[in-house]
Each structure stands twice: as structure tokens, then as C-alpha cells.
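Chains as they are written, first to last, in the working numbering: chain A, 1099 to 1174; chain B, 102 to 370. All C-beta atoms in this analysis are idealised placements derived from N, C-alpha and C, irrespective of residue type, glycine included. See structure below.
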Amino acid sequence: MAKIKGAIVIDIEKCKGCELCLVACPTDVIRMEKKVNGKGYHFAYMEQPDNCTGCANCAVVCPDGVITVYRKKFED
Amino acid sequence: MEARNIKLEEIIRDENLVYTKTSLMTDKPLSFCPGCGHGVAHRVIMEVVDEMGIQADTIGVAPVGCSVLAYEFMNIDMQQASHGRAPAVATGIKRCWPDKYVFTYQGDGDLAAIGTAETIHACNRGENMAIFFVNNGIYGMTGGQMAPTTLPGMRSSTTPYGRDVALMGNPLKITELVAMLPGTCFVARHTVHTPLAVRKFKKAVRMAFENQKLNKGLSFIEIVSNCNSGWKMTPVQANKWMEENMLPYFPPGDIKVNGEMVSKTAKSE
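As C-alpha cells, then:
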């Protein structure tokens, strides 16, 4: 069965830690990092990369447009 | 079990790209507060301009308020207008260059209070342009004062006990107001707080620019947004509060399409 896997890349220096991506993610991939970026915000990161389907919901609601989404279909 | 060994490097390649910030947004970090709907509204408008390939032919007009900084982030030609006067300035630009795409990007204090006259008359004349109206129920940039769209009972820095309708009047539904004018072609209300809502908003923005191409008349799109700093909430709380309180009063959906009223609530009024 083909499997679709996704991945997101977050521009951590521009992330403002609003957590809207965390709410929008249907597969609960994103968490907020305990560390802070240069501006003092807790930035988002992929806690469970295996669950990401590349649906781009997080990137669509991100007010700062810091999320880039990739998706690939793997044939078994 | 092989799928478990997929490495991120295999997925993160240019050929697998699904979504990235459009190049029509500049690389400057947005100056808005964390979680502000302005960022999404900016990006979606620029995505549509990018998809239509009209970057060189689009002129934006941003007045005063949080929307003023649009020229820093939108990588197109922009003109700043005085407070509330963006529809008047955009009228001038559109009449000088009828083949350009002109839009204004305004907030609620700007469009519904200070520039009410300009807004209503531009809509009534049916200028062939687009107006994007971000409604967050408050004067965000100046410190959260009451705006015409502030809900009854809603607290702001000038109504610390909540808006008293007997004293301060009712919230202004300016979108329904301009929908009644014969000059407007497309009037809709959208939100940008969920992925679905953003995608619907994008279709509406596309329609607004397509209407301009066909000289159909004025397109007016209201975006009900949050102001988490002004409302003193976290972004997630603010979106929830908006869903529960703002959206019943300002219901999202098309109000007028191609000059025909489609909203049931607007018809009954």
C-alpha cells in the first residue's frame, strides 16, 4: 500500500509561538519547544514526524507564514 | 515496516514541496502580534495575486491602523492613504489606470468609523476595485479602544464595563449596509482562523480580482479576525472567543454575488 508522508520545516527565528498550528494539526504532530528563539518566543517543532501527512493545514493558518510543507508518496 | 525508516531528508526536497510562503510576501518578519489574523489575510491576498500573475499590475492602498504596514510586507506597488480615505485614493488610482488591479486593505476603525463616507460612496459609485475589510471589533493599533463594530457588552479600553448599547449605540454591520447599495457586485464575509475558512477566503479573494478583470463593479470582503492583544487573550482563546461571540453577530458567508443578494438574513432585513 502506498503511504503518504509529509514533513514541515519551520523558520524558527520568525515563529512567534502563537500555537495556532498546534490546534490546526489533525494528527497532533506539532508541539512548542521549551527553548526560545532570538525574539524570546517558544517556537513550534515536529514532535511526532511519523504522523505528518503533509496536509498543510498548519502552514495555511500560520499568520507569519513560517511553515513550509513537503509531501511524498512512498510505494511499498 | 519499511515505512518507519523513511528519513525526513527524503521528504524535504524541492520536488515534494506542497506549500511555502509566497514570494510576494517580503522576507521581513511581520510586525503583528503573535496569532493575529492580519498575517493570514496578507498572505492569502498575495497568493492570489501570485497565482493570477498580476504582480506588476496590482496596486494596493493601505490607510492607517494595523493595516498601514501592509506596504512593508506585500511585495507589490502600495500607496498609503490618510485615515479612512483609502477608497477615495483607490478610486483616483483606478480611474487613472483602469487596467490595473486596485484593492484597499482596511481595518474596522478605519473603514467603519473614520472612513464611513468614503466607503459608502465608493461602494455606491460602484468603483471597479476590491475592498478587504479586517474586522476585529476594536481599534487594535492604538490600544484597544471601542470601534463601531465592538459587540454589545464587549470590554475595550474605553468601555471597561462593556459596551452599553443605550449609551454607545449598536455595532455597525457595514458589510450588510454596503450590500444593499446597487454599486457593489460581490459582498462576502469570511474568517481566517481555521484551515477551511482560509481556503474559502482565498476563493473569495480570487473572485474579487476576477470581478475586477471583467469590470463588474466593487467587491467587498469582510474578514472577521481576532485581536488577541486588544482582547487580552491568548491567540487560541481569542479565536475561540471570536467563534462564540463575533461569528453569531457577524455570520460568515456570501451576502451578494454578481449583484444578486444571496444571504437569507440580509434579504429579511
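Measure the alpha-carbon distance for M102 of chain B versus M1099 of chain A and round it to whole angstroms.
The count along the second sequence starts at 1 and reaches residue 102 of chain B at position 1. The count along the first sequence starts at 1 and reaches residue 1099 of chain A at position 1. With a pLDDT of only 42 at M102 of chain B, under the threshold of 50, the placement of this residue in the model should not be trusted, and no figure is reported.
As a quick exercise: from B:V363, B:N327, B:M334, pick the residue whose alpha carbon is nearest that of A142 of chain B.
Position 41 of the second sequence holds residue 142 of chain B. Comparing Cα positions, the closest option is B:N327.
Residues bridged to K1170 of chain A (per DSSP)
Working through the first sequence from its first residue, we reach residue 1170 of chain A at position 72. For K1170 of chain A, the pairing in a beta bridge is given by DSSP as A:K1103.
Is K1103 of chain A buried or exposed, if buried means 16 or more other CB atoms sit within 10 Å of its CB?
The residue you call residue 1103 of chain A lines up with position 5 of the first sequence. Classification for K1103 of chain A: buried.
Span of the alpha helix (DSSP H) holding N312 of chain B?
Mapped onto the second sequence, residue 312 of chain B falls at position 211. Start and end: 296-314.
Output the residue ranges of the beta strand (DSSP E) runs that lie fully inside the stretch 163-223 of chain B and measure 3 residues or longer, sorted by chain position.
Listed in chain order, the complete beta strand (DSSP E) runs (minimum 3 residues) inside the stretch 163-223 of chain B are 178-181, 202-208.
At least one CB of chain A closer than 8 Å to the CB of C167 of chain B: is that the case?
Walking along the second sequence from the start, residue 167 of chain B turns up at place 66. For C167 of chain B, the answer is no, since every Cβ of chain A falls outside 8 Å of its Cβ.
Kindly list, in the order they appear in chain A, the residues whose Cβ is closer than 8 Å to that of L125 of chain B.
As a first step, residue 125 of chain B must be located in the second sequence, where it is residue number 24. The premise fails here: L125 of chain B is roughly 11 Å from chain A at the closest Cβ pair, so nothing lies under 8 Å.
For the pair the stretch 276-296 of chain B and the stretch 188-198 of chain B, tell me if three or more CB-CB distances fall below 8 Å.
The answer is no - the stretch 188-198 of chain B does not touch the stretch 276-296 of chain B, with fewer than three Cβ pairs under 8 Å.
Using DSSP with H/G/I as helix, E/B as strand and the rest coil, what is D158 of chain B?
In the second sequence, residue 158 of chain B corresponds to position 57, counting from 1. Helix at D158 of chain B.
What residues from the stretch 105-119 of chain B come within 8 Å of chain A, judged by C-beta to C-beta, listed N to C?
Using a CB distance below 8 Å, the part of the stretch 105-119 of chain B facing chain A consists of R105, I107, L109, E111, I112, I113, R114, N117, L118, V119, ordered along the chain.
Identify the contact partners of A1157 of chain A in chain B, using a Cβ-Cβ distance below 7 Å as the criterion.
If you number the first sequence from 1, residue 1157 of chain A lands on position 59. By Cβ distance, chain B contributes Y120.
Determine, for R1169 of chain A, whether the minimum Cβ-Cβ distance to residues of chain B falls below 8 Å.
Here the question's residue 1169 of chain A lines up with position 71 in the first sequence. Among the residues facing chain B, R1169 of chain A is included, as its CB has a counterpart in that chain under 8 Å away.
Looking only at its own chain, which residues have a Cβ that is under 8 Å from the Cβ of A104 of chain B, when we skip the five neighbours before and after it?
As a working mapping, residue 104 of chain B is identified with position 3 in the second sequence. Because the pLDDT of A104 of chain B is 48, which lies under 50, any placement of that residue in the model is unreliable, and the question is left without a value.
So is D1126 of chain A in contact with chain B if we call contact Cβ pairs under 8 Å?
In the first sequence, residue 1126 of chain A corresponds to position 28, counting from 1. It does not: the Cβ of D1126 of chain A has no partner Cβ on chain B nearer than 8 Å.
Chain B contact residues for T1166 of chain A, given Cβ-Cβ distances below 8 Å
Along the first sequence, read from residue 1 onward, the residue named residue 1166 of chain A stands at position 68. In chain order: L118, Y120, T121, K122.
Extent of the continuous beta strand (DSSP E) run through G354 of chain B
In the second sequence, the residue the question calls residue 354 of chain B occupies position 253. For G354 of chain B, the enclosing beta strand (DSSP E) has its first and last residue at 354-358.
With three or more C-beta pairs closer than 8 Å as the rule, is the stretch 220-229 of chain B touching the stretch 159-179 of chain B?
Too few Cβ pairs lie closer than 8 Å, so no.
Which term fits N271 of chain B, buried or exposed, when burial requires 16 or more other beta carbons within 10 angstroms of its beta carbon?
Locating residue 271 of chain B in the second sequence gives position 170, where the first residue counts as 1. Looking at its Cβ environment, which holds fewer than 16 other Cβ atoms inside 10 Å, N271 of chain B is exposed.
Using a Cβ distance threshold of 8 Å, determine whether the stretch 199-213 of chain B contacts the stretch 235-248 of chain B, with at least three qualifying pairs required.
At 8 Å Cβ cutoff, the stretches touch.
Short check: CB of Y1168 of chain A to CB of N117 of chain B, under 8 Å?
The residue given as residue 1168 of chain A occupies position 70 in the first sequence. The residue given as residue 117 of chain B occupies position 16 in the second sequence. Yes, the pair counts as a contact, with Cβ atoms nearer than the cut-off.
Compute the distance between the beta-carbons of L131 of chain B and N176 of chain B, then report whether it is under 8 Å.
Counted from its first residue, the second sequence places residue 131 of chain B at position 30. Counted from its first residue, the second sequence places residue 176 of chain B at position 75. Taking the C-beta atoms as reference points, N176 of chain B is found no nearer than 8 Å to L131 of chain B.
Cβ atoms of T1151 of chain A and I1106 of chain A: under 8 Å apart, would you say?
In the first sequence, the residue the question calls residue 1106 of chain A occupies position 8. In the first sequence, the residue the question calls residue 1151 of chain A occupies position 53. Not in contact: I1106 of chain A and T1151 of chain A (Cβ atoms no closer than 8 Å).
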